[in-house]
Amino acid sequence: MSSSASKKPAQRMTTDTIMIIAVLVSTTFVMMLNETALAVALPNIMQEFDISAGTAQWLLTGVMLTMAIMMPMTGWILDRFSTRKVYFFAVAFFLAGSVVAAISPSFGVMLLGRVLQAVGTAIVMPLQMTVVMTIVPPARRGTVMGVISIVMAVGPALGPTFAGTVMSVSTWHMIFWIMVVLVAIAGLFGVWKLRDLGEIKKAPLDVVSVVLSVFAFGGLVYGLSSIGEIVEGGEGATIALAMSAVGVIGLMLFVWRQISKGKKGEALLNLAPLKIRNFVIAVVVIMLYQGVLLGASNMLPLYLQGALLTTALVAGLVNLPGGIVETVLSPVAGALYDRIGPRPLVIPGTILGAASLFWMSTVDHATPVWLVMVMFAVFSFGLAMSLTPLMTTAMSSLPDDIYSHGSAILNTLMQLAGAAGTAVMITTFDLVSIAGGDTVVSRGQGGGAAFLICAVLLTVAAVATFFLHRPELSGHTKTIAEDSPR
Numbered sequence: 013m014s015s016s017a018s019k020k021p022a023q024r025m026t027t028d029t030i031m032i033i034a035v036l037v038s039t040t041f042v043m044m045l046n047e048t049a050l051a052v053a054l055p056n057i058m059q060e061f062d063i064s065a066g067t068a069q070w071l072l073t074g075v076m077l078t079m080a081i082m083m084p085m086t087g088w089i090l091d092r093f094s095t096r097k098v099y100f101f102a103v104a105f106f107l108a109g110s111v112v113a114a115i116s117p118s119f120g121v122m123l124l125g126r127v128l129q130a131v132g133t134a135i136v137m138p139l140q141m142t143v144v145m146t147i148v149p150p151a152r153r154g155t156v157m158g159v160i161s162i163v164m165a166v167g168p169a170l171g172p173t174f175a176g177t178v179m180s181v182s183t184w185h186m187i188f189w190i191m192v193v194l195v196a197i198a199g200l201f202g203v204w205k206l207r208d209l210g211e212i213k214k215a216p217l218d219v220v221s222v223v224l225s226v227f228a229f230g231g232l233v234y235g236l237s238s239i240g241e242i243v244e245g246g247e248g249a250t251i252a253l254a255m256s257a258v259g260v261i262g263l264m265l266f267v268w269r270q271i272s273k274g275k276k277g278e279a280l281l282n283l284a285p286l287k288i289r290n291f292v293i294a295v296v297v298i299m300l301y302q303g304v305l306l307g308a309s310n311m312l313p314l315y316l317q318g319a320l321l322t323t324a325l326v327a328g329l330v331n332l333p334g335g336i337v338e339t340v341l342s343p344v345a346g347a348l349y350d351r352i353g354p355r356p357l358v359i360p361g362t363i364l365g366a367a368s369l370f371w372m373s374t375v376d377h378a379t380p381v382w383l384v385m386v387m388f389a390v391f392s393f394g395l396a397m398s399l400t401p402l403m404t405t406a407m408s409s410l411p412d413d414i415y416s417h418g419s420a421i422l423n424t425l426m427q428l429a430g431a432a433g434t435a436v437m438i439t440t441f442d443l444v445s446i447a448g449g450d451t452v453v454s455r456g457q458g459g460g461a462a463f464l465i466c467a468v469l470l471t472v473a474a475v476a477t478f479f480l481h482r483p484e485l486s487g488h489t490k491t492i493a494e495d496s497p498r
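Be aware that the sequence shown starts at 13, since it is given in our numbering, and climbs by one per residue.
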């Protein structure tokens with residue numbers, strides 16, 4: 013599904029355009045909800061299959077690995093196949109994975125189901141972004157990206173709450189059956205409303221690039237996710253270092269291969285977006301935000317329960333005000349972007365986010381829970397001001413014929429940043445806590461140290477935002493009425 017020029021874009025969206033966006037947003041929401049839902053069910057799964065926590069963790073790590081491997085291929089997939097085929101391919105994989113996981117008699121079968129789900133999720137996320145850039149008028153993209161930002165933030169945030177509610181009345185199997193129902197409804201909605209967009213490119217599949225992608229991004233995500241084991245040493249560290257080396261070498265060979273094949277127009281992933289300065293700056297800032305957001309979000313419950321001795325419920329509720337702030341402010345930031353561009357939003361938003369994290373770096377074992385909640389809500393305010401304008405700026409800086417590859421690059425790098433951020437923050441928390449005797453006091457210090465790293469990273473992001481500029485309102489939108497029939 014290659015985005016190609018059509019007629020001069022209109023500045024209002026048709027009902028069909030809105031319905032197509034609704035199909036993709038609802039499908040993505042379900043899949044993002046599923047991505048984090050299983051964390052709550054891991055203890056029950058460990059007991060049922062008689063497996064260790066390390067083994068059970070592969071139900072989460074496997075999803076990250078699969079998505080990191082698949083996303084570089086989505087640029088070629090979106091170019092090579094029609095919108096409807098790509099969408100239904102993704103939905104079919106997710107449905108199949110959900111059914112397999114729901115009826116799984118063993119851990120291995122369940123892991124297979126999770127991998128199949130991840131394939132569908134990895135395809136739908138770039139598809140959603142590419143379609144939005146194709147059919148939404150340039151002057152309205154910020155508003156629509158605001159809605160997408162809500163899905164990206166709220167879906168994963170609600171996953172544990174959703175799963176916990178289901179587990180309180182049923183078993184973990186029901187989590188997957190509910191996913192089957194939800195994504196099936198979204199798929200039927202897609203049958204009714206989704207149209208084919210753009211032109212198909214008869215690009216050959218470069219199998220060598222696919223293999224290199226597996227080694228490169230699989231190795232990197234595994235290595236980044238294992239930073240804690242590398243620091244601790246031992247057999248796990250040796251494996252993690254070896255996988256990291258495979259990832260780095262694989263990445264260098266992958267990039268060389270794409271540059272070589274790109275000269276013939278046969279690259280699996282077109283790296284042309286990385287030649288566009290505004291896109292690169294926006295993506296770097298997004299990566300820093302992603303690493304900080306996932307790192308802080310995953311470390312925060314450890315600090316709250318380990319240093320402030322809160323319950324799991326209270327630790328979960330601390331994120332709630334921040335989630336509400338993001339939900340309310342993201343579409344507002346998107347609408348403001350359409351009027352004033354990125355800099356008046358992203359610069360103060362990122363500075364506010366960095367300042368709030370420096371504030372959070374002062375936490376210790378005696379910090380009131382309500383104050384931590386306020387601190388995180390302030391960070392969420394800065395995030396909501398920045399993320400939608402950043403994503404819109406990144407994609408709007410590209411020529412319309414490489415939207416699909418730009419989306420693939422952005423989503424792939426976000427996966428890598430999220431894995432790195434989570435590993436670095438949790439490892440920092442653990443190291444400082446253990447160095448101080450793993451007491452309540454040392455855990456408080458560990459939380460402060462992790463937040464300080466987050467603050468430094470976001471300060472770097474704040475400096476980078478000064479080099480952003482507003483993309484010209486160029487590009488073309490696809491007129492839905494001109495598309496091929498459903």
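No residue lacks a Cβ here, since even glycine has one placed at the ideal position from N, Cα and C.
Keep in mind that this is a model prediction, so the values were computed, not measured.
Other residues of its chain near residue i: CB distance less than 6 Å, five sequence neighbours each side excluded
{"i": "Ser398", "result": "Val358, Gly361, Thr362"}
{"i": "Gly394", "result": "Gly361, Leu364, Gly365"}
{"i": "Ile421", "result": "Pro285"}
{"i": "Phe41", "result": "Val163, Gly167"}
{"i": "Gly430", "result": "Gln302, Leu306"}
{"i": "Val390", "result": "Ser368"}
{"i": "Met191", "result": "Asn46, Ser110"}
Spatial neighbours of residue i in its chain, beta-carbon cut-off 7 Å, leaving aside the 5 residues before and after
{"i": "Met83", "result": "Ala134, Pro138, Ala420, Asn423, Thr424, Gln427"}
{"i": "Val143", "result": "Ile32, Leu36, Thr95, Leu209"}
{"i": "Gly262", "result": "Leu224, Phe227, Ala228, Gly231"}
{"i": "Ile89", "result": "Val98, Ile135"}
{"i": "Asp495", "result": "Its pLDDT being 44, under 50, Asp495 is placed unreliably by the model, and nothing is read from it."}
{"i": "Ala476", "result": "Ile293, Val296, Val297"}
{"i": "Ser116", "result": "Met122, Gly125"}
{"i": "Val222", "result": "Met85, Leu280"}
{"i": "Leu194", "result": "Val42"}
Cα-Cα separation between residue i and residue j, rounded to whole angstroms
{"i": "Pro497", "j": "Arg92", "result": "Any reading at Pro497 is ruled out, since the residue's pLDDT is 43, under 50, leaving its predicted position unreliable."}
{"i": "Thr73", "j": "Gly274", "result": "32 Å"}
{"i": "Phe463", "j": "Ala254", "result": "29 Å"}
{"i": "Ala473", "j": "Ile465", "result": "13 Å"}
{"i": "Leu480", "j": "Val296", "result": "11 Å"}
{"i": "Leu123", "j": "Trp70", "result": "7 Å"}
{"i": "Ala294", "j": "Pro401", "result": "9 Å"}
{"i": "Met104", "j": "Gly132", "result": "Looking at the sequence provided, one finds Ala at residue 104 rather than Met. Approximately 7 Å between the Cα atoms of the pair."}
{"i": "Gly346", "j": "Met44", "result": "21 Å"}
{"i": "Gly458", "j": "Leu281", "result": "40 Å"}
{"i": "Thr183", "j": "Pro55", "result": "12 Å"}
{"i": "Leu217", "j": "Gly277", "result": "11 Å"}
{"i": "Met264", "j": "Ala432", "result": "19 Å"}
{"i": "Val375", "j": "Leu283", "result": "42 Å"}
Integer Cβ distance of residue i from residue j, believed to fall under 8 Å
{"i": "Ala252", "j": "Ile242", "result": "5 Å"}
{"i": "Val453", "j": "His377", "result": "5 Å"}
{"i": "Ala80", "j": "Val267", "result": "That belief does not hold up - the Cβ atoms of Ala80 and Val267 are roughly 15 Å apart, past 8 Å."}
{"i": "Ile438", "j": "Gly240", "result": "6 Å"}
{"i": "Val326", "j": "Met179", "result": "18 Å between Cβ atoms; not a contact."}
{"i": "Phe388", "j": "Leu312", "result": "7 Å"}
{"i": "Ala396", "j": "Ser342", "result": "5 Å"}
Proximity winner among the options, relative to residue i (alpha-carbon distances)
{"i": "Leu500", "options": "Phe370, Ala151, Val296", "result": "This structure gives no information on residue 500, because the portion of the chain shown stretches from 13 to 498."}
{"i": "Ala49", "options": "Met157, Ile63, Thr173", "result": "Thr173"}
{"i": "Arg153", "options": "Phe105, Ile261, Val344, His417", "result": "Val344"}
{"i": "Ile187", "options": "Ala68, Gly171, Ala196, Leu200", "result": "Gly171"}
{"i": "Val260", "options": "Gly235, Val222, Asn282", "result": "Gly235"}
{"i": "Ile197", "options": "Gly334, Phe106, Pro117", "result": "Phe106"}
{"i": "Leu300", "options": "Leu443, Val468, Asp28, Ala175", "result": "Val468"}
8 Å CB neighbourhood of residue i in its chain, flanking five on each side removed
{"i": "Arg482", "result": "Gly353, Pro354, Arg355, Thr405"}
Minimum Cβ-Cβ distance from residue i to chain C less than 8 Å
{"i": "Pro55", "result": "The displayed structure is made up of one protein chain only, and chain C is not part of it."}
Runs of alpha helix (DSSP H) wholly within the segment 330–378 (minimum 4 residues, chain order) | 332–352, 355–372
Output the residue ranges of the alpha helix (DSSP H) runs that lie fully inside the segment 168–230 and measure 4 residues or longer, sorted by chain position.
-> 184–205
Which ranges does the alpha helix (DSSP H) cover as unbroken runs of at least 4 residues, wholly within the segment 59–84, from first to last along the chain?
-> 65–68, 70–82
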